[in-house]
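K.L.:
Just so it is clear: in the sequence shown, position 25 is 1163 by the numbering used here, and no numbers are missing. Got a structure here, written out as structure tokens. Questions coming.
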Amino acid sequence: MMLIIKQGLLLRLFFTSVIAFVSFLGDLGLHYGKTEIIRAISDNLTHAIVGGATWALILVLFKKSVIENIENVIICFFMSSFIDIDHFIAASSWDINDATHLRHRPFLHCTTIPIFLWGLMSFLYKITHASKWITYGTMILASFLSHHVRDGNRRGLWFWPFGSTQPIPYYLYIAICILLPYTLQLLMSWQLSKDNDTISSINVV
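So this is what it looks like as structure tokens:
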């Protein structure tokens, strides 16, 4: 029993450290990268790793196996990365310089979108009582918010139609990224507890 508890604590510490350390390294790559393509790859890979680690930590907090649920970790990894495709869509070009020098923020960087999708998934859960919708909605929040908060350090968060916040101070953004999986795990637990679901019934597939 003690061994299981220690393993759980070590995994929490590991994935929490991954989120913080990778974010810091990615910011260095973004700042010191010698070419536009290196900076873009560094930034996007950082988004992907942080997104995947965020979901992995949520699994650990629910005492679920990361290995047995690795497909969802991979989905969050690629979802966090895929968000940046909107740069090329907005630029109507595959040229990296066009994609990274837009006059406006591309649509997938609007934080209203993941909140709306989470709300829709929560509504579907209320109708169907299928806990998979809570999982899918939280995966969307984990992937998008980890990406948006990192970008928010430079540009703030964009809440259409209300506008954007001020840029998030650097250490506050790191803290938010670290706390995000803990907050989302509590949110999932709260949603399910309202309908007397148990933590063990959470469909983390």
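For every residue, glycine included, the Cβ atom is placed at its ideal position computed from N, Cα and C.
1. Hey, could you find the ends of the alpha helix (DSSP H) residue 1244 is sitting in?
2. What span of residues does the alpha helix (DSSP H) with residue 1303 cover, start to end?
3. Within a Cβ cutoff of 8 Å, which residues of the same chain sit near residue 1197, ignoring the five residues on either side of it in sequence?
4. Am I right that residue 1281 and residue 1218 are in contact with their C-beta atoms under 8 Å? What's the rounded C-beta distance?
5. Return the first residue and the last residue of the alpha helix (DSSP H) that residue 1270 is part of.
6. Start and end of the alpha helix (DSSP H) containing residue 1207?
7. Could you tell me whether the Cβ atoms of residue 1295 and residue 1252 are closer together than 7 Å?
8. If I follow the unbroken alpha helix (DSSP H) through residue 1267, where does it start and stop?
9. Mapping DSSP to helix, strand and coil, what is residue 1378?
10. Can you list, in chain order, the residues of its chain with a C-beta nearer than 6 Å to that of residue 1323? Leave out the 5 residues immediately preceding and following it.
11. Is residue 1339 buried or exposed, if buried means 16 or more other CB atoms sit within 10 Å of its CB?
12. Excluding the five sequence neighbours on either side, which residues of its own chain have a C-beta within less than 6 Å of the C-beta of residue 1327, listed in chain order?
13. Is it true that the CB of residue 1271 sits closer than 7 Å to the CB of residue 1263?
14. Need the endpoints of the alpha helix (DSSP H) that residue 1193 sits in, please.
15. Any idea which residues DSSP pairs residue 1214 with across the strands?
16. At which residues does the alpha helix (DSSP H) containing residue 1079 begin and terminate?
17. How would you write the range of the alpha helix (DSSP H) that residue 1223 sits in, first residue to last?
18. Please state if the CB of residue 1318 and the CB of residue 1192 are separated by a distance shorter than 7 Å.
P.N.:
So, from the listed chains and residues:
1. Here residue 1244 belongs to no alpha helix (DSSP H), and DSSP marks it neither H nor E.
2. It is not in any alpha helix (DSSP H) - residue 1303 carries neither H nor E in the DSSP assignment.
3. Excluding positions up to five away in sequence, the list reads 1203, 1204, 1207, 1210, 1211, 1342.
4. 5 Å
5. Segment 1270–1293, the alpha helix (DSSP H) holding residue 1270.
6. Note, residue 1207: premise wrong, no alpha helix (DSSP H); not H, not E.
7. no
8. No alpha helix (DSSP H) contains residue 1267, which DSSP labels as neither H nor E.
9. Nothing in the structure corresponds to residue 1378, since the chain is present only between 1139 and 1343.
10. 1196, 1199
11. For residue 1339, the predicted model reports a pLDDT of 44, less than 50, meaning its position is unreliable; a value from the coordinates is still stated below. By the beta-carbon neighbour count (other beta carbons within 10 angstroms, threshold 16), residue 1339 is exposed.
12. none
13. yes
14. 1174–1199
15. None, per the DSSP bridge assignment.
16. A query on residue 1079 cannot be resolved here, the shown segment of the chain reaching from 1139 to 1343 and no further.
17. 1223–1229
18. yes
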